[in-house]
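Peer 1: In my numbering, each residue carries its 1-based index in the sequence shown increased by 546.
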Amino acid sequence: MNRTIITVVGHDQVGIIAKVCTYLANNRVNILDITQTIVSGYFNMMMIVDTSESPKEFLALANELEQIGEEIGVVIKAQREEIFNMMHRI
Numbered sequence: 547m548n549r550t551i552i553t554v555v556g557h558d559q560v561g562i563i564a565k566v567c568t569y570l571a572n573n574r575v576n577i578l579d580i581t582q583t584i585v586s587g588y589f590n591m592m593m594i595v596d597t598s599e600s601p602k603e604f605l606a607l608a609n610e611l612e613q614i615g616e617e618i619g620v621v622i623k624a625q626r627e628e629i630f631n632m633m634h635r636i
């Protein structure tokens, strides 16, 4: 399993989850866990996904997600799980 952490942050608007999830489904990325909150108009979502069935390399997925974020006015970052865990150790 190739687990990746995807974060989405920005001003709340209609269609953020739909846009991200449609992209993931079209690229055979399985969502394992998802959480999202809206605080004072700011949208925040964190997803744990499995990219092992995707025909695209990790870097292509990460770049395309970042581009989608730019198009809809949010910041989307994808990190490999092991890198995310190393960055957030206490």
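Note that beta-carbon positions come from the ideal geometry of N, C-alpha and C, so glycine has one too.
Measuring alpha carbon to alpha carbon, tell me which residue in T568, V555, I563 is nearest I622.
Peer 2: Of the listed residues, the one whose Cα sits closest to I622 is V555.
Peer 1: On the DSSP bridge list, what partners appear for G619?
Peer 2: Note: G619 sits in no beta bridge, so no partner.
Peer 1: Excluding five sequence neighbours on each side, which residues of the same chain lie with their C-beta closer than 8 Å to the C-beta of G587?
Peer 2: Within the same chain, G587 has close Cβ partners H557, D558.
Peer 1: Below 7 Å between beta carbons: does that hold for I614 and V595?
Peer 2: Taking 7 Å as the Cβ cut-off, I614 and V595 do not qualify as a contacting pair.
Peer 1: Which partner residues of R521 appear in the DSSP bridge assignment?
Peer 2: The displayed coordinates of the chain run from 547 to 636. Any statement about residue 521 would go beyond what the structure contains.
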